[in-house]
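Trainee: This is the structure I have questions about; it appears just below.
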Amino acid sequence: MAYPTRLAEAYQGNLEQSELQEFRRYDWTDASKQMSNFFSRSLIKLPQGKTIFIYQFAPGNWVSMIEQGALEGIKKQVVQEDVRQFLERIPPNHKLNIVGLFCTHYPVFVNTIKNETTMSGYADLSTQFIEQGALAATYAYDALSGQYVDRVRTTPLPEQELMLLLEQAEPKIVLSGENIEQTKKLVQTIFPELHNIPIVREPFKQELQPRAPIQ
Numbered sequence: 087m088a089y090p091t092r093l094a095e096a097y098q099g100n101l102e103q104s105e106l107q108e109f110r111r112y113d114w115t116d117a118s119k120q121m122s123n124f125f126s127r128s129l130i131k132l133p134q135g136k137t138i139f140i141y142q143f144a145p146g147n148w149v150s151m152i153e154q155g156a157l158e159g160i161k162k163q164v165v166q167e168d169v170r171q172f173l174e175r176i177p178p179n180h181k182l183n184i185v186g187l188f189c190t191h192y193p194v195f196v197n198t199i200k201n202e203t204t205m206s207g208y209a210d211l212s213t214q215f216i217e218q219g220a221l222a223a224t225y226a227y228d229a230l231s232g233q234y235v236d237r238v239r240t241t242p243l244p245e246q247e248l249m250l251l252l253e254q255a256e257p258k259i260v261l262s263g264e265n266i267e268q269t270k271k272l273v274q275t276i277f278p279e280l281h282n283i284p285i286v287r288e289p290f291k292q293e294l295q296p297r298a299p300i301q
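Read in the working numbering, the sequence shown has 219 at position 133, and its numbers run on one by one without any break.
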């Protein structure tokens, strides 16, 4: 798996991975059908004698519940059951220092995840919850900011010009793929206040050309 491998490289440790475990669960759309959850455990032995334990969990229902608009009660019940199933596979003395929600959808359930992990005793106030979106935004900002150094405004914008700019600004969500309808549903679920924002498809540009400098 990519994440444990890269983490082991970063810490210069020795990676040991167990076999992927599959657990059958009912499909939230039809209890007579089944789907799969997956669990894995990895450990990284560090040179200084310490060990990092990594527990990964891939629930089969979560993404489709969000994209297909499952009722809140159903989503909460399924997520609670899945998180408990995940925690049952972790030794009781292994507290969670970091919980990574490494999917664009999972932050929708962050409160339920926090509640379940805390009530079970695996997490507490010191546990850090990391969301993929924040990491991706920071990475993208760092990658792009260097291309726009010459566009940084050094003088304040007059209030009248600022108000005109805000009135004319038309933010939109740009996709390089075809899943526009799925994205609309996702936006309605996560950011209902942005239900009117345009979602368009544009070809991906390999190189971004900076505009003329702003004085």
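By construction, the Cβ of each residue, glycine as well, lies at the ideal position given by its N, Cα and C atoms.
(1) Which of the three DSSP states, helix, strand or coil, is assigned to Lys161?
(2) Rounded C-beta distance between Thr213 and Val169? I'm assuming under 8 angstroms.
(3) With DSSP run on the structure shown, which of helix, strand or coil describes Glu256?
(4) Considering only their Cβ atoms, is the gap separating Ile152 from Thr240 smaller than 7 angstroms?
(5) So, for His180: in the same chain, excluding its five sequence neighbours on each side, which residues have a beta-carbon less than 7 angstroms away from its beta-carbon?
(6) Since Gly155 and Met121 should fall inside the 8 angstroms C-beta cutoff, what is the C-beta to C-beta distance between them, to a whole number of angstroms?
(7) Measuring straight from C-alpha to C-alpha, what distance separates Tyr208 and Leu101?
(8) Nearest-angstrom Cα distance between Ile176 and Asp236?
(9) Hey, which unbroken runs of the beta strand (DSSP E) at 3 residues or more fall wholly within the segment 178 to 234?
(10) Assuming Pro193 contacts Glu217 under a Cβ cut-off of 8 angstroms, what Cβ separation, rounded to an integer in Å, is found between them?
(11) Give the single residue among Glu256, Ala255 and Pro284 whose Cα lies nearest to the Cα of Thr269.
(12) Below 8 angstroms on the Cβ atoms is my guess for Gln98 versus Pro90; work out the distance and round it to an integer in Å.
(13) Keeping to the same chain, check which residues put their C-beta closer than 6 angstroms to that of Lys271; ignore five residues upstream and five downstream.
(14) Below 8 angstroms CB to CB, which residues in the same chain sit around Val302 once its five sequence neighbours on both sides are set aside?
(15) Which residues mark the beginning and the end of the alpha helix (DSSP H) in which Lys271 is found?
(16) Could you pull the DSSP bridge partners for Val286 from this structure?
(17) Looking at the secondary structure, which residues open and close the alpha helix (DSSP H) in which Thr137 lies?
Mentor: In terms of the structure at hand:
(1) Position 75 of the sequence shown, counting from 1, holds the residue named residue 161. Looking at Lys161 - three-state DSSP - the assignment turns out to be helix.
(2) Taking the sequence shown and counting its residues from 1, the one referred to as residue 213 is at position 127. Taking the sequence shown and counting its residues from 1, the one referred to as residue 169 is at position 83. 14 angstroms between Cβ atoms; not a contact.
(3) Counted from its first residue, the sequence shown places residue 256 at position 170. In the structure shown, Glu256 sits in coil (DSSP, three-state: anything other than H, G, I, E or B).
(4) One-based indexing of the sequence shown puts residue 240 at position 154. One-based indexing of the sequence shown puts residue 152 at position 66. In this structure, Thr240 sits away from Ile152, with a CB-CB distance that is not shorter than 7 angstroms.
(5) For the purposes of this step, residue 180 is taken as residue 94 along the sequence shown, with counting starting at 1. The residues are Phe139.
(6) Taking the sequence shown and counting its residues from 1, one reaches residue 155 at position 69. Taking the sequence shown and counting its residues from 1, one reaches residue 121 at position 35. Incorrect: roughly 18 angstroms between the Cβ atoms, too far for contact.
(7) Working through the sequence shown from its first residue, we reach residue 208 at position 122. Working through the sequence shown from its first residue, we reach residue 101 at position 15. Looking at the two C-alpha atoms, the distance is approximately 23 angstroms.
(8) Numbered from its first residue, the sequence shown carries residue 176 at position 90. Numbered from its first residue, the sequence shown carries residue 236 at position 150. C-alpha separation (whole angstroms): 51 angstroms.
(9) 184 to 187 and 214 to 217
(10) Along the sequence shown, one-based indexing puts residue 193 at 107. Along the sequence shown, one-based indexing puts residue 217 at 131. Rounded, the Cβ-Cβ distance is 5 angstroms, consistent with contact.
(11) Residue 269 sits at position 183 when you count from the first residue of the sequence shown. Checked all of Glu256, Ala255 and Pro284; the closest Cα to Thr269 is Pro284.
(12) Taking the first residue of the sequence shown as 1, we reach residue 98 at position 12. Taking the first residue of the sequence shown as 1, we reach residue 90 at position 4. Not quite, the Cβ-Cβ distance comes to about 14 angstroms (not below 8 angstroms), so this is no contact.
(13) Along the sequence shown, read from residue 1 onward, the residue named residue 271 stands at position 185. Within the same chain, Lys271 has close Cβ partners Glu153.
(14) Beyond the ends of the chain as shown, which are 87 and 301, falls residue 302; an answer cannot be given.
(15) As a first step, residue 271 must be located in the sequence shown, where it is residue number 185. Start and end: Ile266 to Ile276.
(16) The count along the sequence shown starts at 1 and reaches residue 286 at position 200. Paired residues: Val260.
(17) The count along the sequence shown starts at 1 and reaches residue 137 at position 51. Note, Thr137: premise wrong, no alpha helix (DSSP H); beta strand (DSSP E) at Thr137 to Ala144.
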